[in-house]
Each structure stands twice: as structure tokens, then as C-alpha cells.
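Structure record follows, encoded as C-alpha cells.
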Amino acid sequence: MERLRVIDSHTGGEPTRVVVEGLPDLPPKSMLGKRELLQRQYDRYRTAVIGEPRSSEVAVGAYLLPSESADYGVVFFNNVGYLGMCGHGTIGLVSTLAYLGRIEPGPVTFETPAGIVGARLHEDGSASFENVPAYRYRKDQRIELGSLGDIVGDIAYGGNWFFISSVHGHEVDIARIDALDIFASLVQDVIRIKGITGANDAPIDHIELTGKSEIADAKNYVRCPGGEYDRSPCGTGTSAKLACLFEDGKLVEGQTYRIESIIGSVFEGSIRKQGDLLIPTVKGRAYVNGDTTLLIDPDDPFAWGIPRA
Ligand code: PYC
């Protein structure tokens, strides 16, 4: 029987399951190398940890790994593959390390496949992270949706690739979640079919629809690559949005921007300039809600998860 110790948390409603013990040895030094090996040789761990029947499609996983260039290494993954970075997951990871007694309030660094991310556990239990540089790749990209007309938005990077639109004709409200899911899924399909990409042909795998908020500066609906919507305001999506606002002159350096998720949780973000680079900081709060040992029983036909259609 294989055993994996996982710590569960949620950040503004979005779950993160951190694997802290039980993974096989991953010899490559960099997180990019470790991610490639995980993908090629050990993908069954991803489906065992966050797939059904143990977990759910919405969960994001994180392998906590040793790093030579930061305090910890991390590779994030979801129901369909691996992420370059994950903002809510980073906040969840900081809370997980605090729960394990491995960090005190103060700074901590992570090596991710997207680059080094600095984070901080605050005295009040909240956490923030200074992300990899964010940028807008294309402004006002028009996408034709056939009989539904066109949608215009920005293509931007915040550790993952986003198509971000605030003029989409939909109310960003949890009561409209089915319509938002169907619409964003269509936008995602058209983007893929038309070959619209980020820089260096990177797939745009997150769709971000922004609307009005009564408690923050804006409200976010974000569709993730596996078809689930982010319950949090999305840390990498917030980073990409901050870069677009900054480029449009709607946000100045150091100004706090508050963004509400589709379920009402809030992140705060701001931009710092470093030369020509835009460095976003995003702050939120996670709660640890599980400390579990997963058992992989060789007799269990679904020990490694239920294969996705
Ligand atoms: O918070 O960056 C994020 C994120 C990406 C996918 C789900 N959450």
C-alpha cells in the first residue's frame, strides 16, 4: 500500500491539496525538470491525489518539493494537467507551511515552473505573494462567436495565460453560473480552434470575465483549463488583470485594487515596477481544513483515480 500525506486548504473557497510526503524521488534539479518528469512518468499521482473518487474536478494540487534556488519548490496541477503558477494555491501553500510549523510570519520563497515567487505570511494569518512578471500581450483582441456576435478582450500573462474581457454581455453573478460556464467554454473553444495564442504560441487556457462588484473594484469569473470555475478571484488572473489596468493607465504603481470572486471572496492586488517589468502582489486568506493520509491500495481498480473521458 502506498501512502501520501496531504494537507487540504481553501483560499477564498478554492481548494488546494498539498502533497507533503510520499512522492517518489524526482532527480531533476529545476521545477521545470521535475514537472516534466512528473508529467512523463508519474502522472498517476496527479489523478490519484485530486481526481475522483478521492477528490473533485475543482481541486488544485501542489507537490511540495526541495529546491536549490528557493526555500521550497512547488509544482501545481489540476484535473487536466500542470500549471505554471497558481496564485490561490500559493496562498494555500503558505497556510499549509504555517500549519505544519515550518514557517512563522515573514517571507518565504518558492521555485515554481514559471519562476521564483516571493511570498509572506502575515501576522493576521493572511498571505501574499509577489508573482512572476505579468504583462499584456495583446489589447482588444476581437473573437468572432458566430451568431452570438463578437467578444473583445485582452490577452495577458500572470503566471498562466488569460483572455480577459469586461465587455461580454453577461452578469458576473453566481446565480448566472451555468450561463457563464457555457459562454466561457464557447470562448475557450473558439480561441483554441482559431489558433489564438499567447506569446511563443502558448495556449490561452484561462478565460476571465470581469463585472461589477458591490464590495470591491471588480468581480471575476475565471474558467480554468479543465472546465471548472475558480471559486477564488484567481491569483494569476488578478495578476494579469492588474497588468492590463496598469497599461491602460487605470492603476498606478502601489495602488491597491480589490477583486471579488464569483462566490464573494476578495483578493487585494497591486503593481510594482522593476525596470520595464510589472510585478504584481496579490493578498488573500486560506484556511487549512484537512490533514489526511491517502492510501493507494494495489487491489483498488480506481486507486489512481477514475480515467477522464
Ligand atoms: O489562483 O492562480 C490562481 C488559479 C489558477 C487556477 C486556479 N486558481
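Taking the numbering used here, the leading residue of the sequence shown gets 552, the next gets one more, and so forth.
We put the CB at the ideal spot given by N, CA and C, even for glycine.
Run of the beta strand (DSSP E) containing D691, from where it starts to where it stops:
Where D691 is concerned, the enclosing beta strand (DSSP E) stretches over Y686 to E695.
I'd like to confirm something about E565: is its beta-carbon nearer than 7 Å to some heavy atom of the ligand PYC, or not?
yes
Can you name the start and end residues of the alpha helix (DSSP H) that S790 belongs to?
G786 to E798
Below 6 Å CB to CB, which residues in the same chain sit around A610 once its five sequence neighbours on both sides are set aside?
P566, R568 and I601
Just how far apart, CA to CA, sit P852 and T832?
Spanning the two alpha carbons is a distance of roughly 44 Å.
Taking buried to mean at least 16 other C-beta atoms within 10 Å of its own C-beta, is S736 buried or exposed?
exposed
Going by DSSP, which residues form a beta bridge with N771?
T761 and S812
Spatially closest choice to L651 from G841, P858, E765 and I847, by CA coordinates:
Nearest in C-alpha terms to L651, of all of G841, P858, E765 and I847, is G841.
Beta-carbon contacts of G666 that lie in its chain and below 6 Å, excluding the five residues immediately before and after:
V683
To the nearest angstrom, report how far apart V571 and Q739 are at their CA atoms.
Each residue's Cα considered, the two are about 33 Å apart.
Distance CB(F818)-CB(G805) smaller than 8 Å:
no
In chain order, what residues of the same chain lie with their CB nearer than 7 Å to the CB of A730, ignoring the 5 residues before and after it?
H721
Counted within 10 angstroms of its Cβ, other Cβ atoms place S620 as buried (16 or more) or exposed:
Exposed, because fewer than 16 other Cβ atoms sit within 10 Å of the Cβ of S620.
Spatial neighbours of D691 in its chain, beta-carbon cut-off 6 Å, leaving aside the 5 residues before and after:
V703
DSSP three-state assignment for L574, whether helix, strand or coil:
Reduced to three states, the DSSP call for L574 is coil.
I'd like to confirm the pairing. Which residues does DSSP put opposite W855 in its beta bridges?
W855 pairs with nothing; no bridge assigned.
Indicate, with yes or no, if the ligand COA has a heavy atom lying under 7 Å from the CB of L634.
With respect to small molecules bound, the structure shown includes the ligand PYC and not the ligand COA.
So for Y593, helix, strand or coil by DSSP?
coil
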